[in-house]
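Presented below is the structure to which this report refers.
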Amino acid sequence: MMLTKELYRTSATATGGRDGYARTEDGSLHVWLGTPKALGGRDFGNNPEQLFATGYAACFLSAMKAVVASQKSQFVKVPEDTKVTAEVAIGPLENQGFGLAITLKIEMPNVDKADAEALVTAAHQVCPYSNATRGNVDVQLIVI
């Protein structure tokens, strides 16, 4: 997929891999990285899966709001206390290397489940993270 127009660009630089340091170009985010114990590390610092989960959760909730804003009559408003929890798992692939599996759990208090599911399905079609993972990462959507 090619962008039709670039709206924003940023960058981050990591040194030391999973046991190192990463920082955004503007310095607004800087994190010590550490391998989790489950992968043989010391469990110090954040790991790439945590950072991916954070980004996906925030982006998906924004996509839900964008869908409502663009198609007001079709979808219910996103309540202020809506939560998106992204669970990111890493493990070996059958062929070679490692892959991810993602579960997005969406909580929309006081919203009919069918209405919430319709909005979540629409958001999954426009969310940049969903579009980036579609076809190569298993993403499950669960409306709670």
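Last residue of the sequence shown? That's 160 in the working numbering, and every number before it is there in order. C-beta: ideal position from N, C-alpha, C; glycine also. All values derive from a computational prediction rather than experimental measurement.
- Scanning GLY107, THR149, ASN152 for the CA closest to the CA of PRO52 turns up GLY107.
- Apart from sequence neighbours up to five positions away, the residues of its chain that approach HIS46 with a beta-carbon distance below 6 angstroms are ARG39, ordered along the chain.
- As for any alpha helix (DSSP H) of minimum length 4 sitting wholly inside the region 57-99, the runs are 64-86, ordered along the chain.
- When the Cα atoms are used, TYR72 and LEU116 turn out to be separated by approximately 13 angstroms.
- Between the region 119-133 and the region 89-103, the count of C-beta pairs closer than 8 angstroms reaches three or more; the two stretches touch.
- Within the same chain, Cβ atoms closer than 7 angstroms to the Cβ of GLY36 are found at ALA30, LEU49, the five residues on either side in sequence being excluded.
- Note on ASN63: 16 or more other CB atoms within 10 angstroms of its CB, so buried under the neighbour-count rule.
- By the criterion of a C-beta distance shorter than 8 angstroms, ALA132 is surrounded in its chain by VAL92, ILE122, MET124, VAL159, once the five residues flanking it on both sides are discounted.
- Of the residues assessed, MET17 falls on the exposed side of the cut-off, its CB having fewer than 16 other CB atoms within 10 angstroms.
- Bridge pairing for GLN156: THR119 [DSSP].
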